[in-house]
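Colleague: In our numbering, each residue's number is its place in the sequence shown (first place is 1) plus 53. All C-beta atoms in this analysis are idealised placements derived from N, C-alpha and C, irrespective of residue type, glycine included. Model, not experiment: these values are computed from the prediction. Encoded as structure tokens, here's the structure I'll be asking about.
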Amino acid sequence: MSTDTPGIDPLEALRAPRDPACDVFLTGPVFLDIIFTGLDSAPVRGTESWARGMGSSPGGVANMATALARLGLHTSLAAAFGDDHYGEYCWDALEQGEGIDLSMSHTVPGWHSPVTVSMAYEGERTMVSHGHEAPAPAPDAGTGSRAGTTGTGATTGAAAPVFPQCPPRARAAIASLARGRSEPWVATAARDGALVFGDVGWDETGRWDLDALPDLAHCEAFLPNAEEAMRYTRTDCPRAAAHALAERVPLAVVTLGAEGAYAVDGRTGTAAAVPAIEVEALDPTGAGDVFVAGFVTGTLADWPLADRLAFAGLTAALSVQEFGGSLSAPGWAEIAAWWQLIRTCDRQDPAALERYAFLDDLLPATARAWPLRRAVPTIGFRQ
54 MSTDTPGIDP
64 LEALRAPRDP
74 ACDVFLTGPV
84 FLDIIFTGLD
94 SAPVRGTESW
104 ARGMGSSPGG
114 VANMATALAR
124 LGLHTSLAAA
134 FGDDHYGEYC
144 WDALEQGEGI
154 DLSMSHTVPG
164 WHSPVTVSMA
174 YEGERTMVSH
184 GHEAPAPAPD
194 AGTGSRAGTT
204 GTGATTGAAA
214 PVFPQCPPRA
224 RAAIASLARG
234 RSEPWVATAA
244 RDGALVFGDV
254 GWDETGRWDL
264 DALPDLAHCE
274 AFLPNAEEAM
284 RYTRTDCPRA
294 AAHALAERVP
304 LAVVTLGAEG
314 AYAVDGRTGT
324 AAAVPAIEVE
334 ALDPTGAGDV
344 FVAGFVTGTL
354 ADWPLADRLA
364 FAGLTAALSV
374 QEFGGSLSAP
384 GWAEIAAWWQ
394 LIRTCDRQDP
404 AALERYAFLD
414 DLLPATARAW
424 PLRRAVPTIG
434 FRQ
């Protein structure tokens with residue numbers, strides 16, 4: 054987790070007594086991530102590779118939940134946890150280490166935690182995962198405890214998310230849109246006033262049909278990458294794709310990888326483009342989740358569209374300079390240290406610095422020196 058993070062609340066000026074206690078709700082599978090670092094190349098068949106470093110942390114939906122919490126948002130997560138040591142470790146790391154509300158989560162007796170092993174090298178990573186689908190909670194099962202369900206009837210496959218019928222009232226919710234599937238909790242969250250931010254995975258059917266994403270109708274914002282956006286809109290330009298998507302959702306955000314991001318506000322017609330920050334990428338795991346967390350933060354704080362994009366891109370850029378998914382999510386300490394450093398570097402483009410001037414109103418006047426050493430939790434050691 055991040056250390057010595059300033060107690061910055063980006064929504065402090067907007068909070069009112071009758072506001073929801075929860076800023077962001079999300080749900081999905083939690084994996085135990087084991088990350089091997091310091092590999093010179095990809096593993097070669099028939100050989101043994103030695104890594105110079107290793108870390109472990111909660112992964113899967115925990116990447117985004119951690120990123121949100123480290124940016125000061127009150128985050129609620131609904132997930133299934135195994136009753137093995139891995140599940141206990143992930144629960145403690147999220148609840149005690151990151152301050153994430155797990156009252157909607159539950160532990161499944163007899164179900165082992167999904168695991169992903171990630172090998173990072175040359176700015177890329179290779180992952181191997183294993184898990185079984187979590188059985189559905191019993192109708193009378195409680196939540197927010199480590200004994201919430203009964204039964205072990207798991208089937209082989211990826212761990213399924215936990216979709217509560219009645220999510221907590223929240224300012225925002227993050228939904229993973231699935232082809233041909235509508236989750237009742239998404240409509241409930243939107244009806245209760247939450248801004249729904251939708252992301253999406255690769256369409257393996259090759260149909261790329263927006264009408265096959267029924268929960269898109271409940272979304273305030275849709276955040277695909279450039280390739281996904283162009284395929285869904287039958288366009289050959291990410292910016293054209295963003296404008297086409299803005300006809301379907303109030304806010305379309307298209308991530309462009311090393312070229313930054315482009316967004317269109319369908320209500321006002323406002324468009325914004327922000328270039329990516331050039332960094333030495335060590336591990337891109339979780340960068341997309343961090344980008345979404347940064348954009349959600351800026352949206353809830355009611356920042357201008359370009360500032361939201363810039364902040365999201367900055368947090369994602371900071372994350373790829375560290376290994377791991379939730380391990381790499383930056384907090385305000387990292388952001389403050391970067392801003393202090395970048396303004397003292399020689400030959401900085403004044404126009405580029407001006408793009409991030411909005412940080413002056415958020416960050417403390419002084420910050421710890423860059424680079425910061427982030428804590429790397431590892432199973433087997435007590436901190």
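1. For T205 and A404, I'd like the C-alpha separation in whole angstroms.
2. Taking 6 Å as the limit between beta carbons, can you name the residues of its chain near P111, skipping five residues before and five after?
3. To which residues of the same chain is T368 closer than 6 Å at the C-beta, ignoring the five residues directly before and after it?
4. From the DSSP secondary-structure annotation, give me the bridge partner or partners of E177.
5. What is the DSSP secondary structure of V306, reduced to helix, strand or coil?
6. Buried or exposed for A69, going by 16 or more other Cβ atoms inside 10 Å?
7. Determine the closest residue to V349 out of A311, E141, A122, D268, with distance taken between C-alpha atoms.
8. Exposed or buried, which one is H159 when buried takes at least 16 other CB atoms within 10 Å?
9. Between the alpha carbons of R234 and S381, how many angstroms are there, rounded?
10. Could you pull out every residue in the same chain whose Cβ sits closer than 8 Å to the Cβ of V239, ignoring the five residues on either side in sequence?
11. Between the alpha carbons of T119 and A325, how many angstroms are there, rounded?
12. Counting only the same chain and skipping the five closest in sequence on each side, list residues whose C-beta sits under 7 Å from that of L263.
13. So for I395, helix, strand or coil by DSSP?
14. How many Å lie between P277 and A189 at the Cα?
15. Can you list, in chain order, the stretches of the alpha helix (DSSP H) that have 4 or more residues and sit fully within the region 264-330?
16. Starting from G112, trace the beta strand (DSSP E) in both directions and tell me its first and last residue.
17. Under 8 Å: do the region 149-169 and the region 125-138 share three or more Cβ pairs, one atom per stretch?
18. Can you name the start and end residues of the beta strand (DSSP E) that A226 belongs to?
19. According to DSSP, which residues form a beta bridge with G251?
20. Measuring alpha carbon to alpha carbon, tell me which of D360, G106, M172, Q374 ends up nearest E333.
21. As an exercise, report each continuous alpha helix (DSSP H) stretch of at least 4 residues that is fully enclosed by the region 78-152, in chain order.
22. In whole angstroms, what is the alpha-carbon distance linking R105 and E175?
23. If you reduce the DSSP assignment to three classes, tell me which class G206 lands in.
24. When DSSP builds the beta bridges, which residues end up paired with D154?
25. How is the alpha helix (DSSP H) around V239 delimited, first residue to last?
26. Drop a sphere of 10 angstroms on the beta-carbon of G108, count the other beta-carbons inside from all chains shown, and report buried for 16 or more, exposed for fewer.
27. Work out the CA separation of V327 and A389 for me, nearest whole Å.
28. Alpha carbon to alpha carbon, how far is A311 from S171? Give it in angstroms, no decimals.
29. With the cut-off set at 8 Å, would you say I153 and W385 are in Cβ contact?
30. Pull up the distance between the alpha-carbon of G210 and that of G341, whole angstroms please.
31. Please classify L416: does DSSP put it in a helix, a strand, or coil?
32. Quick check on DSSP: helix, strand or coil for T160?
33. Measuring CB to CB, does F411 end up less than 8 Å from A223?
34. Between the alpha carbons of F275 and E281, how many angstroms are there, rounded?
35. Can you tell me where the alpha helix (DSSP H) with E407 in it begins and where it stops?
36. Would you kindly work out how many angstroms separate the C-alpha atoms of T241 and P221, rounded to a whole number?
Modeller: According to the structure shown:
1. Summary for T205: the model assigns pLDDT 30, below 50, so the residue's position carries little reliability, and this model does not support an answer.
2. The answer, listed in chain order, is V83, C143, A146, L147, S379.
3. Sequence-distant Cβ neighbours of T368 in its own chain, meaning closer than 6 Å and more than five residues away, are V343, G347, P383.
4. BP columns for E177 point to Y174.
5. Three-state DSSP puts V306 in a strand.
6. It is exposed - the Cβ of A69 has fewer than 16 other Cβ atoms within 10 Å.
7. That would be A122, whose Cα lies nearest to the Cα of V349.
8. Buried, since its Cβ has 16 or more Cβ neighbours within 10 Å.
9. In a straight line, the C-alpha of R234 is about 31 Å away from that of S381.
10. A distance below 8 Å between beta-carbons, with the five flanking residues on each side excluded, links V239 to the following residues of its chain, in chain order: A226, A228, V249, D268, H271.
11. Each residue's Cα considered, the two are about 27 Å apart.
12. Same-chain partners within the cutoff: L269, Y285, R301.
13. Helix, per DSSP.
14. Their Cα atoms are separated by approximately 29 Å.
15. Segments of the alpha helix (DSSP H) lying fully in the region 264-330: 279-286, 291-298.
16. Per DSSP, G112 belongs to the beta strand (DSSP E) from 106-113.
17. Three or more beta-carbon pairs separated by less than 8 Å link the region 149-169 to the region 125-138, which places the two stretches in contact.
18. A226 -> beta strand (DSSP E) spans 223-230.
19. Looking at the DSSP output, G251 shares a beta bridge with A228, F275.
20. Closest in alpha carbon position to E333, among D360, G106, M172, Q374, is Q374.
21. Listed in chain order, they are 114-123, 138-145.
22. In this model, R105 and E175 are separated by some 14 Å (Cα to Cα).
23. Residue confidence for G206 is low, a pLDDT of 33 falling below 50, so the modelled location carries little weight; the figure read from the coordinates is stated next. Here G206 sits in coil by DSSP.
24. Paired residues: S129.
25. For V239, the enclosing alpha helix (DSSP H) begins and ends at 237-244.
26. Classification for G108: buried.
27. In a straight line, the C-alpha of A389 is about 20 Å away from that of V327.
28. Looking at the two C-alpha atoms, the distance is approximately 22 Å.
29. Result no, Cβ atoms of I153 and W385 do not sit closer than 8 Å.
30. Because the pLDDT at G210 is just 45, under 50, the model does not fix this residue reliably, and the point stays unresolved.
31. In the structure shown, L416 falls within a coil segment according to DSSP collapsed to helix, strand and coil.
32. Three-state result, T160: strand.
33. No; because the gap between Cβ atoms is not below 8 Å, this pair is not in contact.
34. Near 11 Å, if we compare the C-alpha coordinates of E281 and F275.
35. Looking at the DSSP string, the run of the alpha helix (DSSP H) that includes E407 is 403-407.
36. Using only the alpha carbons, I get a separation of about 10 Å.
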